[in-house]
Amino acid sequence: MGYGTAVVLGHKEYYPRFGYRKAIDLGIEFPFEVSHEYCMVAELIPGATEKVKGMVCYPTDFK
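So for the sequence shown, this note's numbering puts the first residue at 6; every next one is plus one.
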């Protein structure tokens, strides 16, 4: 599919074992009022987070 990253709003101790890191540390923010420790990003392509910064945008139906 060509996606360079995957984002998740999930358990802070579960997802890091699969390579997820705090999104805020990578310059990526979530549009929800939730602790940064639950907002994570994983690289699917090495170096992909170097090119992606800003706010995660969800479809209207998700909100």
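Here a beta-carbon is modelled for each residue, glycine too, at the ideal position from N, C-alpha and C.
**Prompt:** Whole beta strand (DSSP E) runs in the stretch 9-38 with 3 or more residues, listed along the chain?
**Reply:** As far as the stretch 9-38 is concerned, its whole beta strand (DSSP E) runs of at least 3 residues are 10-14.
**Request:** Taking E42 as part of the beta strand (DSSP E), name the residues at either end of that continuous run.
**Result:** Here residue 42 is taken as the residue at index 37 of the sequence shown, counted from 1. Counting along the chain, E42 falls outside any beta strand (DSSP E), and DSSP gives it neither H nor E.
**Request:** Could you tell me which of C62, P64, I33 sits nearest to A47, measuring between CA atoms?
**Result:** Locating residue 47 in the sequence shown gives position 42, where the first residue counts as 1. Closest option to A47, Cα to Cα, is I33.
**Message:** If distances are taken between C-alpha atoms only, which option among K56, V12, G7 comes closest to Y63?
**Reply:** Mapped onto the sequence shown, residue 63 falls at position 58. It is V12 whose Cα lies nearest to the Cα of Y63.
**Prompt:** If G15 sits next to M45, beta carbons under 8 Å apart, how far is it from one beta carbon to the other, in whole angstroms?
**Reply:** Indexing the sequence shown from 1 puts residue 15 at position 10. Indexing the sequence shown from 1 puts residue 45 at position 40. 7 Å between Cβ atoms; contact.
**Request:** With a cut-off of 8 Å on the beta carbons, I'd call F35 and V61 a contact; round off their distance for me.
**Result:** Counted from its first residue, the sequence shown places residue 35 at position 30. Counted from its first residue, the sequence shown places residue 61 at position 56. About 5 Å; that satisfies the 8 Å criterion.
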